[in-house]
Amino acid sequence: MSEVRSLFEKPAKALPRMSFEEARTKSATCTLCRLKDSRTNVVFGEGSEKSLVMFIGEGPGEVEDQTGRPFVGPAGQKLTEILESAGIKREEVYICNMVKCRPPGNRVPQKDEVEACWPYLQTQIQHIKPKIIVALGNVPAQYLLKTTDGITKIRGQFFKWKDGIEIYPMFHPSYLLRNPSKEKGSPKYLAWQDILQLKKRMDEFRNV
Ligand code: URA
1166 MSEVRSLFEK
1176 PAKALPRMSF
1186 EEARTKSATC
1196 TLCRLKDSRT
1206 NVVFGEGSEK
1216 SLVMFIGEGP
1226 GEVEDQTGRP
1236 FVGPAGQKLT
1246 EILESAGIKR
1256 EEVYICNMVK
1266 CRPPGNRVPQ
1276 KDEVEACWPY
1286 LQTQIQHIKP
1296 KIIVALGNVP
1306 AQYLLKTTDG
1316 ITKIRGQFFK
1326 WKDGIEIYPM
1336 FHPSYLLRNP
1346 SKEKGSPKYL
1356 AWQDILQLKK
1366 RMDEFRNV
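Following this line, the structure appears as structure tokens:
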């Protein structure tokens, strides 16, 4: 794994440093990338701002774009189900995405879109100060860890990142919807192991 970017690096020139509330307000009318043209709502993020854990997905899907809330469509229902299976309440974690606006047709967000949106995400991370960031799928995992390794290789491991934060890549819930087998070794089977391991790590942090 190559060296990771500093969380406290200078933000992109386009946006000076900002508070969490400024990030929310500015993102609501953001025009920094082409995703502004097709969005209905900006999906900033939601959940506990005191959470030990932040879940970061790729970008809003159709239902998220309509409602302005992250992970509330089919992938969101799967995420909630995975959390609950390990005894983690959705409200106790913070959930957001690499890009705050829906990529047309749910395509993967492009690198320049992720870069344009980074100052918002950076501000969210600085404000919440999570101990663990769960990177859902290749886009957040590869961007945050600066790696080209795929999610199948890096999932289920805690990587030391910046400022004492650990990055924990997991399969994206949409991938689990497309691969419903629960057989031993299947993505779903591995995801259930990964969430239990995450819960264990959360409990360790709580007990120190
Ligand atoms: N997929 C994502 O990556 N994020 C969402 O908010 C919904 C679906």
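Residue numbers (the numbering used here): 1166 to 1373. Every residue gets a Cβ at the ideal spot worked out from N, C-alpha and C, and that includes glycine.
> By a C-beta neighbour count over all protein chains shown, 10 Å radius and 16 as the cutoff for buried, is lysine 1215 buried or exposed?
Replying inline: Position 50 of the sequence shown, counted from the first residue, corresponds to residue 1215. When all chains shown are included, lysine 1215 counts as exposed.
>> I want to check one thing, is the minimum distance from the CB of glutamate 1223 to the heavy atoms of the ligand URA below 7 Å?
In response: In the sequence shown, counting from the first residue as 1, residue 1223 sits at position 58. Taking 7 Å as the cut-off, one finds at least one heavy atom of the ligand URA near enough to the beta carbon of glutamate 1223.
> What did DSSP end up calling methionine 1367 once you bin it into helix, strand or coil?
Replying inline: For the purposes of this step, residue 1367 is taken as residue 202 along the sequence shown, with counting starting at 1. Residue state, collapsed to three classes: helix.
> Going by the C-beta, is proline 1334 closer than 7 Å to any heavy atom of the ligand URA?
Replying inline: Position 169 of the sequence shown, counted from the first residue, corresponds to residue 1334. With a cutoff of 7 Å, proline 1334 does not count as near the ligand URA, since its C-beta is closer than that to no heavy atom of the ligand.
> What is the DSSP secondary structure of cysteine 1198, reduced to helix, strand or coil?
Replying inline: Translated into positions along the sequence shown, residue 1198 becomes position 33. Secondary structure at cysteine 1198: coil, using DSSP grouped into helix, strand and coil.
>> Give me, in chain order, the residues of the same chain whose beta-carbon lies closer than 7 Å to that of tyrosine 1354; leave out the 5 immediate sequence neighbours on both sides.
In response: Counted from its first residue, the sequence shown places residue 1354 at position 189. In chain order, Lys1347, Glu1348 place their CB closer than 7 Å to the CB of tyrosine 1354, counting only its own chain and leaving out the 5 sequence neighbours on each side.
>> At a cut-off of 7 Å, would you count valine 1208 as near the ligand URA, judging by its Cβ distance to the nearest heavy atom?
In response: The sequence position of residue 1208 within the sequence shown is 43, counting from 1. At least one heavy atom of the ligand URA falls within 7 Å of the beta-carbon of valine 1208.
> Measuring from the CB of phenylalanine 1220, is there a heavy atom of the ligand URA at a distance below 7 Å?
Replying inline: Numbered from its first residue, the sequence shown carries residue 1220 at position 55. Result no, Cβ not under 7 Å from the ligand URA.
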